[in-house]
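Numbering-wise (the working numbering), the sequence shown opens with residue 269 and increments by one.
Glycine residues also receive a C-beta, built at the ideal position from the N, C-alpha and C atoms.
Note that the coordinates shown come from a computational prediction; the quantities given were computed from them, not determined experimentally.
Written below as structure tokens is the structure these notes are about.
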Amino acid sequence: GRVIIGANGFDATNTDYVNVIAKAMELQGNLVGSKVDVTLGENAVDSNGTVTSKNGINSVAIDASNLGSMYAGQIKIVSTDKGAGVNSNGLIYSRDTKLEITADGKINVAK
269 GRVIIGANGF
279 DATNTDYVNV
289 IAKAMELQGN
299 LVGSKVDVTL
309 GENAVDSNGT
319 VTSKNGINSV
329 AIDASNLGSM
339 YAGQIKIVST
349 DKGAGVNSNG
359 LIYSRDTKLE
369 ITADGKINVA
379 K
């Protein structure tokens, strides 16, 4: 399915870890946390968290064109669908040294 984080955002600063697993994600507000992992696409995920891609097709896995932003100590974004990209007009900011974005499609991060 599709995860939508609305204009009010999702503040997970009181947790150690946020893991979003979905086919696609729409980010309208801010996603804030200590460590944020986002895995998108048509995948199978086992109980250990191992992701196996089913090679789905999707044009945009993350749509943050409405200025939704991500702020975290560490951010990892993985889009596994063939041709699926990341589209962000907002800020993707990692306070620590780790920011990783992997996609089979176009990655567009405005800030």
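Put residue 341 into one of helix, strand or coil per three-state DSSP.
strand
Leaving out the 5 sequence neighbours to the left and right, which residues in its chain are closer than 6 Å to residue 373 when beta-carbon positions are compared?
351, 352, 353
Measure the alpha-carbon distance for residue 304 versus residue 316 and round it to whole angstroms.
17 Å
Run through DSSP, which three-state label would residue 333 get?
coil
Among 362, 346, 378, 302, which has the Cα closest to the Cα of residue 290?
346
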